[in-house]
Each structure stands twice: as structure tokens, then as C-alpha cells.
Ligand code: SF4
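Residue numbers (this note's numbering): 1 to 695.
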């Protein structure tokens with residue numbers, strides 16, 4: 001038997017995995033040496049081996065319905081992109097990529113689009129999960145940085161979980177937190193409109209109303225200020241905006257009082273405020289419930305404000321902690337996978353654009369941000385984008401207003417899809433389909449939520465003619481005439497170039513510095529142990545935490561507290577509607593194109609269920625397990641109801657996963673309004689008015 005060490009393909013915990021194989025046998029185990037999981041895996045990770053079914057795979061390139069050899073497919077992609085650029089300009093072309101790509105894939109995609117095609121039009125499905133955290137980090141710290149480390153969860157005395165069902169969405173981190181609580185009595189506060197399994201380990205559950213995070217953390221900030229828990233010496237020396245942030249928080253206090261009374265949570269809120277004020281070692285973890293909102297960035301800053309005001313950042317056991325959804329959302333952020341970022345965490349400033357253009361020797365450097373996900377599909381719908389290349393994601397199911405996304409793709413003159421599985425909903429609209437390597441075949445790196453970079457290592461031969469995404473893009477770039485800049489034959493060359501770009505003309509001004517790896521050879525890359533950034537050339541070790549010194553990467557080196565005010569998401573029940581919240585089930589991933597293949601993962605929840613409070617169910621004459629119709633102006637879903645007091649009256653919940661192959665009419669994305677946060681352009685998935693009817 002042979003053991004190959006790699007990483008899990010799913011969530012942002014980024015667990016290390018051991019694949020033990022020989023003959024027909026394959027065993028998947030947790031890697032005991034990996035700092036993210038120390039040998040633990042959740043049900044999805046343990047079932048990775050059951051998703052390697054070759055029957056489901058896209059095995060050969062297909063152009064206009066016919067299987068073709070790779071050179072023909074590459075030529076078709078290159079010539080159609082080129083023809084579009086020649087006739088309509090570079091902004092008529094777009095890439096929509098994925099946090100499932102490896103950093104090396106992402107790097108090549110970003111370089112090809114922003115340096116050579118000459119447009120900023122590359123965005124990622126990570127826009128849907130953590131772009132509000134990115135925008136909030138940049139406003140507060142001056143750069144997109146998660147300052148902490150997973151060991152902070154072992155060392156904290158209080159962990160606040162807001163907008164996160166950690167037990168289902170990041171199970172191994174939940175297990176770690178549970179173990180810490182058992183060992184040292186860590187207090188845990190869960191802030192969530194729903195009662196979820198995460199509440200099983202909570203000392204306090206605050207069922208805040210949907211969209212109440214800014215109000216709650218504003219109230220906390222005012223309390224910290226009033227009780228003297230915010231040390232003025234720290235904020236005077238290291239933070240701008242304290243006074244304005246406190247004034248904004250105080251202006252919303254009356255609203256918080258009213259909301260607390262309406263929701264019956266006054267005592268819980270007071271207990272939370274006291275606990276936070278009294279406890280020095282506090283970690284506040286936030287995730288999609290915070291990010292996926294029309295004011296997601298403000299919510300992030302409301303949380304970060306409380307840590308900045310109290311100097312609870314950058315030291316063991318304390319800090320705000322953004323939990324990402326996907327395995328490599330962070331790696332994508334690092335190379336420029338978001339349309340508003342250039343590369344290596346640089347913005348589209350004239351200096352940075354010039355720097356990256358010189359580094360790449362780019363002939364057609366993009367000089368402005370491109371279109372972000374919702375805007376990108378609107379532009380496809382309206383004919384402003386005429387060629388789109390979608391990689392490793394299924395926007396026909398996952399995007400808000402998914403019905404319009406399907407219409408957009410059906411109208412688009414050139415749709416190219418690279419994926420490892422065949423027959424996804426998005427591929428129905430593709431003119432060109434390209435077989436990409438799957439999890440067990442790919443080699444490269446990923447970055448998890450605490451900045452740990454890990455190697456993903458292939459251990460099985462590619463199915464059919466599948467190629468690595470970076471190989472596919474490299475071949476297309478060469479066919480478009482840019483072979484000199486895209487000479488890659490191995491992912492180490494790409495990782496080296498990415499590392500060198502982070503260090504290029506850096507001089508310590510940019511925290512994302514991987515200069516230590518700018519000359520890495522293929523042997524060291526192959527054996528690379530989990531590491532972190534920053535790791536500049538000459539440093540002895542990577543930096544575990546940032547900002548302990550009170551120095552931030554802003555022009556004046558101070559952090560910024562942001563004055564934020566509460567925004568009511570949508571008034572529920574005004575016209576008989578219920579407010580739809582969406583999220584994950586424990587054992588499924590994204591649109592189920594892979595986890596849907598593992599039979600043991602369907603045992604937990606075999607079908608999508610609409611969670612509804614007994615009072616609403618009685619009013620609407622809905623019986624438990626009966627079919628209901630969930631609809632609004634944009635779309636509909638037909639699912640069974642689950643009557644539960646976990647759900648507050650007036651609010652319902654649907655999982656996000658089911659695609660057309662798994663259920664006839666249960667696409668949650670088709671119901672979601674394309675409302676986005678003005679700073680991050682992240683869609684609001686958590687508060688959509690719907691009508692529910694018994695069938
Ligand atoms: Fe994979 Fe996340 Fe589960 Fe870890 S917690 S095994 S990374 S899905």
C-alpha cells in the first residue's frame with residue numbers, strides 16, 4: 001500500500017488527508033500531522049474516495065456537440081476568444097472561476113485575463129461566499145488579511161460564532177472547538193436567527209433577527225466604550241475612527257432595544273455584552289450569515305470594530321476570524337481571482353498595474369477592475385459579454401436569480417466550460433466542454449482560512465483525457481500567441497512565479513509576501529509541509545499571527561474603525577411573505593455534483609426540506625413532510641416541509657445544494673434576488689421574501 005498526503009477538496013478548514021492505496025483499495029484518513037485537523041475528518045472528507053466514480057466524468061473535449069482531440073479543442077477556444085476580442089474588445093470576454101481551483105490554476109487564469117487578454121473580467125464563485133470579508137478586511141486593516149490562527153480556538157476563553165453553523169459547515173473546526181471547551185471550559189456564544197446543531201455546545205444562543213449583526217455588534221461596541229473595556233491608549237495610538245464608530249453605534253441603540261424586546265432576547269444580549277467585556281481572550285468567527293447580505297461589509301466591520309476597540313487582535317486566543325467556504329477561496333484571493341483585485345493582493349492602482357505589467361511583461365495589461373459575478377452574468381444576458389469561460393463551478397444552480405443566469409448563458413455566443421464531471425446544469429449551455437482533472441488527480445497548492453498553504457497531491461491517473469486546469473489554460477494562451485509568457489510544464493513553475501510576484505518590489509509594504517518560495521525547486525515543492533504567509537525571503541519561519549505590534553498595512557500604519565449603521569434587510573410578513581434563509585446541509589457540498597455521488601452522504605438528509613415554524617405551518621395548513629410550493633417573482637421550488645421550532649416564526653430555511661439531476665424542482669438559487677452589497681458585490685442569500693403554499 002502507498003500513502004500520499006494531500007488535502008480535502010471541500011471546505012475552508014483545509015484538512016490534511018492521507019490517501020492510502022494499492023490494487024483496488026483506497027482508504028481515506030485524516031492526516032495526523034496537518035495543523036488544521038490533526039487527523040480528524042468529517043463525513044464529507046471521509047467519503048472523498050466514494051466520489052471518484054469514472055462514469056460521472058467528462059472524459060474528452062467536446063466542441064459543438066462532437067468529441068474532438070485536445071489540439072482541436074484548444075484551437076477552438078483560442079480562435080473564438082480571439083475573434084470576440086478582435087471584434088468587440090477584451091471586455092467582451094470573461095472568466096468565471098472557482099474556489100475549487102488550485103492556486104496554480106487560479107494564477108494562470110488571472111494572468112491570462114488581466115495581463116494578456118487585457119480585461120479585469122475574471123471573477124470567482126468565492127464572490128458569493130466571502131467577498132464581504134475581503135472588503136471589510138481592506139477597510140479595517142488596509143489589506144485582505146485574516147490575522148489569526150486555528151490555535152486561537154484552542155486558547156480562547158470565549159468564542160463567538162456569528163452567521164455560522166460551524167457544526168455542519170466546518171465540522172472539523174467545530175470538533176476542535178468542542179474539544180477545547182471540554183478541556184478548558186471555553187465559553188461559546190452562538191448568534192444565529194435559527195437554532196442549529198452548533199447551539200449544542202453553546203453557553204448562550206442569541207436568536208437575533210435576520211440582518212441584526214450590525215445592530216448587535218454596534219450595541220456591544222457602545223457597551224465596551226461605556227464600561228471602559230476599550231483601552232484608550234491602544235485606540236489613540238493604533239486606530240483611526242474610534243469616535244465616529246462609537247457615535248454611529250450609539251445612534252442605533254434604541255433600535256437594538258426595540259429589536260431585543262420584539263425578539264425576546266434582551267437578557268441574552270446583556271449576558272453576551274458582559275461576557276465579551278470581561279474576557280480578554282475572545283475570538284469572533286463569522287461566516288456566510290454575515291457576508292451574504294446587502295450590508296455584509298458593514299457587518300464585518302461592526303465585528304472587527306469591537307476587536308480593534310479592545311486590542312483583542314493578533315495575540316494568542318483573540319481576534320476576528322473570517323471562515324471561508326471553499327478549500328481555496330483564500331488562494332484565489334491571493335493571486336487576483338476577484339475582479340476588483342489585480343494580483344498578489346494588489347489593487348488596480350497605477351503603480352501596482354505598472355509593477356505587475358513589468359513582472360509579467362504583459363502586452364495588454366488591464367487597468368481597471370472587471371465585472372463582479374452578478375454584474376458579469378447581467379452583462380452576458382444583455383450581450384455586453386459575448387464569450388465566457390466557466391471553470392469548476394455550476395452557476396446555473398448556485399448564482400442568485402439562477403433562472404436569469406440560464407437565460408444569459410443560452411443567449412451567449414460562446415460558452416466554454418471546464419469541469420471534471422459531465423452533465424452539470426451549466427454544461428447544458430456550453431458550446432465547448434473541456435475535461436478537467438479531479439481531486440485525486442490534481443497537483444498544486446491551496447490556502448485555507450487561517451492562511452495555511454498546503455499541497456494537494458494527485459494519486460491516481462487522470463480519467464480519460466482530463467488535464468489540469470492550468471495545463472488547459474496554458475495551451476490556450478500558447479495558441480493565442482503568448483507562449484513565451486506561458487511556458488509552464490509543471491505546477492512548481494507557476495507557484496514559484498506567484499511567490500516571486502508577491503515579493504516583487506515589495507520591501508515589506510505588502511503583508512502577502514511569499515518570497516521564501518520564489519526559488520523553490522521541484523523536490524522541495526513536492527515535499528512542502530503546510531506553511532503560512534507572510535514568509536518573506538530570509539525569514540526563519542512564516543508569521544503565525546499579524547498585528548500584535550499594532551502596526552497595520554495602511555498608509556499611516558493605523559487600523560480603521562468604520563462607522564456603520566444598521567440596515568433592515570427586508571420587512572418580513574408585510575404582505576404575507578416569509579423570509580427565506582439559505583445554507584448548507586452537513587453532508588452535501590455546493591451543487592452536489594460530487595457529494596451527490598456518495599450514497600452514504602445522502603443518509604443525513606436525502607432531500608431538500610423547507611424548515612418552517614409550527615405557527616406558520618398551521619396558518620398555511622401545511623403538514624409535516626407534506627409537499628409545499630415556495631415561490632416568488634423570480635422562481636419556484638417544490639419541496640417537503642419540516643415543521644420545527646428551530647426556525648423563528650416568519651422565517652423559513654432551504655438548503656442551497658440541489659441541482660436538476662438530484663431533484664426536479666428544488667433550485668434555491670432561482671428564488672434569490674440579485675441584490676448585492678455595495679462594497680463587496682456579494683449577493684444577499686439570507687433574506688429573500690417568498691410565498692409558501694401547501695400542495
Ligand atoms: Fe473536508 Fe472541511 Fe470536512 Fe475538513 S471539515 S474534512 S476540509 S469538508
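All residues carry an ideal CB built from backbone N, CA and C; glycine is no exception.
Just so it is clear, the structure is predicted and the values come from calculations on it, not from any experiment.
Residue i, enclosing beta strand (DSSP E) - first and last residue
| i | result |
| --- | --- |
| residue 446 | 444-447 |
| residue 637 | 636-643 |
| residue 310 | Segment: none, residue 310 is in no beta strand (DSSP E) and carries neither H nor E. |
| residue 484 | Neither: residue 484 is in no beta strand (DSSP E) and is coded neither H nor E. |
| residue 629 | 627-631 |
| residue 582 | 578-583 |
Presumed contact (8 Å Cβ cut-off) between residue i and residue j, rounded CB distance
| i | j | result |
| --- | --- | --- |
| residue 204 | residue 272 | 6 Å |
| residue 129 | residue 327 | Actually they do not touch by this definition, with Cβ atoms about 12 Å apart. |
| residue 397 | residue 257 | Not quite, the Cβ-Cβ distance comes to about 41 Å (not below 8 Å), so this is no contact. |
| residue 537 | residue 503 | 6 Å |
| residue 485 | residue 646 | Between residue 646 and residue 485 the Cβ distance is about 54 Å, and since that is not below 8 Å, they are no contact. |
| residue 652 | residue 693 | The pair is not a contact, with the Cβ atoms about 12 Å apart (cut-off 8 Å). |
| residue 282 | residue 312 | 5 Å |
| residue 400 | residue 674 | 5 Å |
| residue 309 | residue 224 | 6 Å |
| residue 291 | residue 133 | 6 Å |
| residue 319 | residue 148 | 4 Å |
| residue 170 | residue 13 | 5 Å |
Cross-strand partners of residue i (DSSP beta bridge)
| i | result |
| --- | --- |
| residue 162 | 191 and 286 |
| residue 96 | 123 and 390 |
| residue 416 | 389 and 432 |
| residue 18 | 5 and 29 |
| residue 319 | 283 |
| residue 532 | 452 |
| residue 567 | BP columns for residue 567 are empty, so no partner. |
| residue 205 | 190 |
| residue 694 | 628 |
| residue 421 | 57 |
| residue 467 | 436 |
| residue 653 | 581 and 611 |
| residue 492 | According to DSSP, which records beta bridges pairwise, residue 492 is partnered with nothing at all. |
| residue 676 | 683 |
| residue 689 | 579 |
Element boundaries [alpha helix (DSSP H), containing residue i]
| i | result |
| --- | --- |
| residue 54 | That residue, residue 54, is in no alpha helix (DSSP H); it is neither H nor E in DSSP. |
| residue 457 | Neither: residue 457 is in no alpha helix (DSSP H) and is coded neither H nor E. |
| residue 259 | 253-263 |
| residue 616 | 614-619 |
| residue 377 | 373-381 |
| residue 107 | 103-111 |
| residue 10 | First-last for residue 10: undefined, no H or E at that position. |
| residue 395 | 395-398 |
| residue 175 | 171-184 |
| residue 272 | 266-278 |
| residue 348 | No alpha helix (DSSP H) contains residue 348, which DSSP labels as neither H nor E. |
| residue 86 | 70-88 |
| residue 224 | 213-226 |
| residue 556 | Careful: residue 556 lies outside any alpha helix (DSSP H) and carries neither H nor E. |
Per-residue burial, residue i [other beta carbons within 10 Å of its own, 16 or more giving buried]
| i | result |
| --- | --- |
| residue 657 | buried |
| residue 25 | exposed |
| residue 461 | exposed |
| residue 633 | exposed |
| residue 86 | exposed |
| residue 599 | exposed |
| residue 267 | exposed |
| residue 624 | exposed |
| residue 237 | exposed |
| residue 695 | exposed |
| residue 615 | exposed |
| residue 111 | buried |
>> Assess contact between the stretch 584-603 and the stretch 43-62, defined as three or more Cβ pairs (one per stretch) separated by less than 8 Å. Is contact present?
In response: yes
> Are there three or more Cβ pairs, one per stretch, closer than 8 Å when the stretch 595-614 is compared with the stretch 577-587?
Replying inline: yes
>> So, does the stretch 447-456 touch the stretch 49-59, judging by three or more C-beta pairs under 8 Å?
In response: no
> Is the stretch 615-630 in contact with the stretch 378-389, if contact means three or more CB pairs nearer than 8 Å?
Replying inline: no
> Does the stretch 288-304 come within contact of the stretch 330-349, defined as at least 3 CB pairs closer than 8 Å?
Replying inline: no
> Does the stretch 63-83 come close enough to the stretch 468-479 that 3 or more CB-CB pairs lie under 8 Å?
Replying inline: yes
>> Would the stretch 431-444 count as touching the stretch 502-522 if we require 3 or more Cβ pairs under 8 Å?
In response: no
> Counting pairs of Cβ atoms below 8 Å between the stretch 154-166 and the stretch 360-378, do you hit three or more?
Replying inline: no
>> With three or more C-beta pairs closer than 8 Å as the rule, is the stretch 420-434 touching the stretch 497-512?
In response: no
>> Counting beta carbon pairs with one atom in the stretch 367-383 and one in the stretch 399-413, are three or more of them shorter than 8 Å?
In response: yes
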